[in-house]
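Here the structure is laid out as structure tokens; the discussion comes afterwards.
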Amino acid sequence: MRVDAALVIDSNVLISAALSATSPPARIVRHALAHGRLLFSDATFAELQSRLWRPKFDRYLDLEDRKAILHDLGAAGVWVDIPAELAARGFSRDADDDKFIHVALAASADAIVSGDQDLLMLSRIGDLPVLTPGQACALLAC
1 MRVDAALVID SNVLISAALS ATSPPARIVR HALAHGRLLF SDATFAELQS RLWRPKFDRY
61 LDLEDRKAIL HDLGAAGVWV DIPAELAARG FSRDADDDKF IHVALAASAD AIVSGDQDLL
121 MLSRIGDLPV LTPGQACALL AC
């Protein structure tokens, strides 16, 4: 995979990165921001926002930190429009995960990075690999 890879990173990985600065999720997010492209759609970013604002994260991240994370990711991300015919297609056994696949396919991403078993079990969607943060870091030497 190219060092300047275009990546769709699932919400769970982005949140894990915010919670643990030395973890594989944090390393892949830093790599995507510094060297590659981090891809979002309105739907994937909305999921990140709704999950990050959950009260269970109050003891780990204060409100200002969460605002900064969302601002920084939103500003650095590449925003992708999803064509209606692609948005109508299902791929995962959990239809809620399809939005990440839609972004990746619409933008010709290099990979999806996820910790979600419903996505990881797909392994590949055509030429598009679905990787754990550790696998992505190994391929990108991050």
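Under the UniProt record's numbering, read the sequence shown as residues 1 to 142, first letter to last.
Ideal placement from N, C-alpha and C gives every residue a C-beta, glycine not left out.
Taking only the alpha-carbon atoms, compute the straight-line gap between Gly134 and Glu85 and give it to the nearest angstrom. 33 Å
Helix, strand or coil, according to DSSP, for Ile28 in the structure here? Three-state result, Ile28: helix.
Using 8 Å as the limit for Cβ to Cβ distance, is Ser20 near chain C? Absence of chain C from the displayed structure is noted, only one protein chain being present.
Alpha carbons only, please: which of Ser108, Leu39, Ala43, Ala26 is nearest the one belonging to Val78? When only C-alpha atoms are compared, the closest one is Leu39.
Assuming Ile28 and Val113 form a contact by the criterion Cβ under 8 Å, report the distance between their Cβ atoms to the nearest whole angstrom. 6 Å
Classify Pro24 as buried or exposed, calling it buried when 16 or more other Cβ atoms lie within 10 Å of its own Cβ. Flag for Pro24 reads buried.
Counting pairs of beta carbons, one from the stretch 4 to 23 and one from the stretch 94 to 111, are three or more of them closer than 8 Å? yes
Gly74 versus Cys142, Val103, Leu48, Ala141, residue with shortest Cα-Cα distance: Leu48
Ala104 versus Ala46 - alpha carbon distance: 16 Å
Sort out for me which residues DSSP pairs Val78 with in a bridge. Leu39
Leu128, enclosing beta strand (DSSP E) - first and last residue: 128 to 131
Would you identify the three-state DSSP class for Ala88, choosing helix, strand or coil? coil
Under the assumption that Val130 contacts Leu119 (Cβ atoms under 8 Å), give the Cβ distance between them as a whole number of angstroms. 5 Å
Beta-carbon proximity of Ser11 to Arg51, cut-off 8 Å: yes
Backbone CA spacing between Arg93 and Ile101 [nearest angstrom]: 12 Å
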